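Residue numbers (my numbering): -9 to 154.
Here is the structure:
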């Protein structure tokens, strides 16, 4: 390999690294965004609820947060709250696991609406709200299908406008 080839490679290396690394604040799954549709969100919520029922929280919650067992792709991810507002799993925002999400949004926020749907018969349904998209890095309208599973609220949503 000639000196000229080595020099060219060294000059290109920072540019290649910059392209390969996500932007500050970006999610590692940005390149595959978006994949969520309302149909896919509902199907994944149903599958996640069944997995939580059959496997238990000790197995299911880490799988949802880790996006393993097919529980996440692009902007499609599972989240789980309890009825006190504590986030127990989130494949989209793992840094929020353990946090209480009621406080920042209050009684009219998305969590309150999600909890009302999950607490009312039949314990499942759609909730519309605005949420920060990991793909666009901006607030976007979102439709989320939620299902009550005992003391848990399982949800999966789809951003309702295309990511740009």
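Built from N, CA and C at the ideal position, the CB exists for glycine as well. This one's a predicted model, so the numbers in the text were calculated from it and none came from an experiment.
**Asked** Of the choices 119, 53, 25, 58, whose alpha-carbon is the least far from that of residue 99?
**Response** 119
**Request:** Look at residue 34 and residue 66 and say whether their C-beta atoms are less than 8 Å apart.
**Result:** yes
**Sequence ranges, beta strand (DSSP E) only - wholly within the stretch 105 to 145, length at least 3** = 114 to 123, 128 to 139
**Message:** Between residue 65 and chain D, is any beta-carbon pair separated by less than 8 Å?
**Reply:** Looking at the structure shown, chain D is missing, and only one protein chain is on hand.
**Request:** Identify whether residue 13 lies in helix, strand or coil by the three-state DSSP scheme.
**Result:** Here the model assigns residue 13 a pLDDT of 38, short of 50, so the residue's position is not dependable, and the following value carries that caveat. It is coil, neither helix nor strand.
**Asked** When DSSP builds the beta bridges, which residues end up paired with residue 101?
**Response** According to DSSP, residue 101 bridges with nothing at all.
**Request:** Go ahead and pull the three-state DSSP assignment for residue 92.
**Result:** helix
**Item:** Same chain, Cβ closer than 6 Å to residue 58, neighbours up to 5 away in sequence not counted
**Value:** none
**Between the CA atoms of residue 111 and residue 150 - distance to the nearest angstrom** = 26 Å
**Message:** Quick check on residue 80: buried or exposed, where buried means 16 or more other Cβ atoms within 10 Å of its Cβ?
**Reply:** buried
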